[in-house]
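Numbering (full-length UniProt numbering), first residue to last: 1 to 536. Report on one structure; see the data block that follows.
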């Protein structure tokens, strides 16, 4: 951790140390976000005083970068995963997993699309923002223009009378780092972060940032502690079962640790299953409690957490219907639906061809996201990876061993294998088409011409009309047409004929039509068009 490395030669130690003692009840969690190549990872590396890019320690496969430092006696947790699947899960569940967003913007590049997306994420989540203008050591910068761009993008900067603090830093030169960390702690203090108690009967709760099947350690899950705390003596209860924690690893040093508390990122080793990314887990004191809690969850007597959980699908048959169901559950970013895929082929050449063919299916509504790919038969590791990512497995000219097929069925993972590439492309294309937003059109079913307009004492407008096409029925959706143009839409709430309230009026009959919302500009000669909406 940073605390152990802060010596006289340390870049942070060489800066002016703050004398401020911050009153913060727990570890703040900071999401480091921003546009690609603006220096998010380099800035975090500078803060941590390590070069993580040079290689991962400990031999654990790691994509999510969650790190904790100790700055002047106060822990801070940073999550460097702005594009990670876990953040989609956070948005979809409305979970406030992060306390602050550290928005990194390059001084020489300004506000870019991902900068705006990051600001949008923070606003939607109600999370305060701190801006770090990085690369201030480079020529060609215009900081005033950049700050105006940030204001235009929706941030109320402190120097313009708002609350968003802006820090100027250089990850390469390691300047402005202590001031940045002070800003983080000041913002955390002003937001009065509180320790959250775990639910009744639970030691702690956590959010799964990432899960992998490590070749040496087996299932490894990187989690962020949301409430309470736990130790290696405890049991994890998740949506698919429960098991004992074998080992807890520090996510930075990968050394073993005895426990974790709210705000800590920690790797859990030794579970029987790969925990689904973006899910919540409960940690309880012993196996008896774990068994009882999981039974209550299975029987619907208790939720895993107060947060909404994703329902598991029924065990799939290997057919197109299940694929469509999986697509229906696909996470979305903006308006795009994603189908997660693990791909296996018989050679590198066919892998390249299959990858290219699948990529051609992508459009602005539905896209394939390749989670993993390679040459050779479908393996148990593929099944575990697909389960963690809620992906399907596609195999081209490869086998699925019986043992692997049995595991896939048990874990509710769909495996499809093909001998002819166009069959694979055709089936996946059909499934993706079924999930695209349908094109809708209005189909006319009846029409009436307005002969006279009445206004009742209660203000309701009655269209005295003659039905000139079809049968007009109460409840129909309508639009008012004048000279071939649509004027307004409404719904028929009442039909009257000879002072009687009726359900329908046939062609050639006169009637009074009431609809909501009312249209005050209704005129004689207007036509009331009844329609239904159909998919093209």
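Every residue gets a Cβ at the ideal spot worked out from N, C-alpha and C, and that includes glycine. Nothing here was measured: the structure is a model prediction, and the numbers come from that model.
In DSSP terms, what residue i is bridged to
i, result
"residue 170", "175"
"residue 68", "77"
"residue 389", "Answer is none; residue 389 lacks a bridge partner."
"residue 464", "452 and 512"
"residue 121", "According to DSSP, residue 121 bridges with nothing at all."
"residue 343", "373 and 394"
"residue 407", "Answer is none; residue 407 lacks a bridge partner."
"residue 102", "32 and 130"
"residue 447", "469 and 529"
"residue 295", "None; residue 295 has no bridge partner."
C-beta contact flag for residue i and residue j at 8 Å
i, j, result
"residue 447", "residue 469", "yes"
"residue 229", "residue 270", "no"
"residue 198", "residue 235", "no"
"residue 111", "residue 122", "no"
"residue 251", "residue 266", "yes"
"residue 463", "residue 505", "no"
"residue 183", "residue 165", "yes"
"residue 196", "residue 170", "no"
"residue 224", "residue 206", "yes"
"residue 345", "residue 415", "no"
"residue 34", "residue 115", "yes"
"residue 537", "residue 450", "Past the edges of the chain, shown from 1 to 536, lies residue 537, and the structure says nothing about it."
"residue 409", "residue 213", "no"
"residue 31", "residue 102", "yes"
"residue 247", "residue 389", "no"
"residue 443", "residue 532", "yes"
"residue 221", "residue 211", "yes"
Distance between residue j and residue i (C-alpha atoms, nearest Å)
i, j, result
"residue 411", "residue 368", "22 Å"
"residue 218", "residue 284", "22 Å"
"residue 275", "residue 393", "18 Å"
"residue 69", "residue 29", "11 Å"
"residue 282", "residue 99", "21 Å"
"residue 38", "residue 109", "8 Å"
"residue 374", "residue 361", "20 Å"
"residue 135", "residue 43", "10 Å"
"residue 400", "residue 343", "12 Å"
"residue 40", "residue 104", "6 Å"
"residue 370", "residue 351", "12 Å"
"residue 456", "residue 487", "22 Å"
"residue 279", "residue 511", "57 Å"
"residue 46", "residue 174", "6 Å"
"residue 549", "residue 516", "One cannot answer for residue 549 here, as it falls past the ends of the chain, which runs 1 to 536."
"residue 337", "residue 500", "51 Å"
"residue 472", "residue 530", "7 Å"
"residue 113", "residue 153", "10 Å"
"residue 106", "residue 239", "41 Å"
"residue 262", "residue 77", "10 Å"
"residue 241", "residue 418", "33 Å"
"residue 387", "residue 413", "6 Å"
"residue 507", "residue 467", "5 Å"
"residue 402", "residue 150", "56 Å"
"residue 327", "residue 427", "At residue 327, the pLDDT of 48 sits below 50, so the modelled position is not reliable; the number obtained from the coordinates is stated separately. Cα to Cα, the separation comes out at about 13 Å."
"residue 421", "residue 404", "22 Å"
"residue 180", "residue 383", "43 Å"
"residue 538", "residue 298", "A query on residue 538 cannot be resolved here, the shown segment of the chain reaching from 1 to 536 and no further."
With 16 other Cβ atoms within 10 Å as the buried cut-off, status of residue i
i, result
"residue 253", "exposed"
"residue 161", "exposed"
"residue 142", "exposed"
"residue 396", "buried"
"residue 391", "buried"
"residue 340", "buried"
"residue 288", "exposed"
"residue 73", "exposed"
"residue 48", "buried"
"residue 498", "exposed"
"residue 526", "buried"
"residue 519", "buried"
"residue 187", "buried"
"residue 146", "buried"
"residue 354", "buried"
"residue 485", "exposed"
"residue 255", "exposed"
"residue 465", "buried"
8 Å contact criterion, which residue i and residue j should meet: CB distance rounded
i, j, result
"residue 480", "residue 491", "Contact flag wrong, Cβ pair sits at about 12 Å."
"residue 155", "residue 133", "Incorrect: roughly 12 Å between the Cβ atoms, too far for contact."
"residue 425", "residue 357", "5 Å"
"residue 264", "residue 27", "7 Å"
"residue 66", "residue 209", "6 Å"
"residue 522", "residue 461", "6 Å"
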